[in-house]
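Have a look at the structure below before the remarks.
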(Lines of atoms letter the chains of each structure in order from A; the text may use other names.)
(Lines give C-alpha, C1' and ligand atoms only; values in the text may rest on other atoms or scores of the structure.)
Protein backbone atom coordinates (compact mmCIF):
# COMPACT_ATOMS: atom_id res chain seq x y z
CA UNK A 186 0.00 0.00 0.00
CA UNK A 187 1.32 3.41 -0.90
CA UNK A 188 1.11 6.38 1.45
CA UNK A 189 1.34 8.80 -1.45
CA UNK A 190 -1.20 11.61 -1.11
CA UNK A 191 -3.37 12.73 -4.00
CA UNK A 192 -5.69 15.71 -4.00
CA UNK A 193 -8.73 16.07 -6.19
CA UNK A 194 -11.48 18.64 -6.29
CA UNK A 195 -15.05 17.36 -6.29
CA UNK A 196 -18.38 19.10 -6.08
CA UNK A 197 -20.75 18.44 -3.18
CA UNK A 198 -22.81 16.21 -5.46
CA UNK A 199 -19.73 14.20 -6.51
CA UNK A 200 -18.71 13.82 -2.85
CA UNK A 201 -22.18 12.49 -2.07
CA UNK A 202 -21.92 10.01 -4.96
CA UNK A 203 -18.53 8.82 -3.65
CA UNK A 204 -19.95 8.40 -0.16
CA UNK A 205 -22.92 6.37 -1.46
CA UNK A 206 -20.53 4.16 -3.41
CA UNK A 207 -18.28 3.61 -0.41
CA UNK A 208 -21.27 2.73 1.76
CA UNK A 209 -22.47 0.27 -0.87
CA UNK A 210 -19.06 -1.39 -1.00
CA UNK A 211 -18.90 -1.52 2.82
CA UNK A 212 -22.35 -3.16 2.96
CA UNK A 213 -21.33 -5.65 0.28
CA UNK A 214 -18.23 -6.66 2.22
CA UNK A 215 -20.19 -7.02 5.46
CA UNK A 216 -22.85 -9.20 3.79
CA UNK A 217 -20.43 -11.42 1.87
CA UNK A 218 -20.97 -15.08 2.64
CA UNK A 219 -18.07 -17.52 2.51
CA UNK A 220 -16.13 -19.88 4.68
CA UNK A 221 -13.87 -17.81 6.91
CA UNK A 222 -10.15 -18.48 6.87
CA UNK A 223 -7.57 -17.18 9.33
CA UNK A 224 -6.53 -14.17 7.28
CA UNK A 225 -10.01 -13.44 5.89
CA UNK A 226 -11.36 -11.92 9.10
CA UNK A 227 -8.34 -9.68 9.51
CA UNK A 228 -8.29 -8.65 5.84
CA UNK A 229 -12.04 -7.98 5.89
CA UNK A 230 -11.73 -5.90 9.06
CA UNK A 231 -8.85 -3.87 7.62
CA UNK A 232 -10.81 -3.24 4.40
CA UNK A 233 -13.86 -2.08 6.35
CA UNK A 234 -11.67 0.19 8.47
CA UNK A 235 -10.16 1.78 5.35
CA UNK A 236 -13.60 2.42 3.87
CA UNK A 237 -14.81 3.91 7.16
CA UNK A 238 -11.82 6.26 7.30
CA UNK A 239 -12.42 7.40 3.72
CA UNK A 240 -16.09 8.04 4.49
CA UNK A 241 -15.16 10.08 7.55
CA UNK A 242 -12.67 12.15 5.57
CA UNK A 243 -15.26 12.86 2.88
CA UNK A 244 -17.96 13.64 5.43
CA UNK A 245 -15.65 16.09 7.20
CA UNK A 246 -15.49 18.14 3.98
CA UNK A 247 -19.26 18.79 4.02
CA UNK A 248 -19.64 22.56 4.49
CA UNK A 249 -23.08 22.16 6.08
CA UNK A 250 -21.71 19.78 8.72
CA UNK A 251 -18.74 22.07 9.37
CA UNK A 252 -21.12 25.02 9.86
CA UNK A 253 -23.28 23.00 12.26
CA UNK A 254 -26.35 23.08 10.04
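Residue numbers (my numbering): 186 to 254.
Glycine is no exception: its CB is placed at the ideal position from the N, C-alpha and C atoms.
Taking the C-alpha atoms as reference points, what is the distance between residue i and residue j?
| i | j | result |
| --- | --- | --- |
| residue 204 | residue 190 | 19 Å |
| residue 238 | residue 231 | 11 Å |
| residue 196 | residue 209 | 20 Å |
| residue 247 | residue 188 | 24 Å |
| residue 224 | residue 192 | 32 Å |
Quick one: measure Cβ to Cβ for residue i and residue j, integer angstroms, because I've assumed they're closer than 8 Å.
| i | j | result |
| --- | --- | --- |
| residue 211 | residue 236 | 5 Å |
| residue 216 | residue 240 | In fact, because the Cβ distance is near 17 Å, the residues do not count as touching under 8 Å. |
| residue 214 | residue 233 | 6 Å |
Report the residue ranges of all beta strand (DSSP E) runs contained in full by the region 198-229; include only those spanning at least 3 residues, in chain order. none
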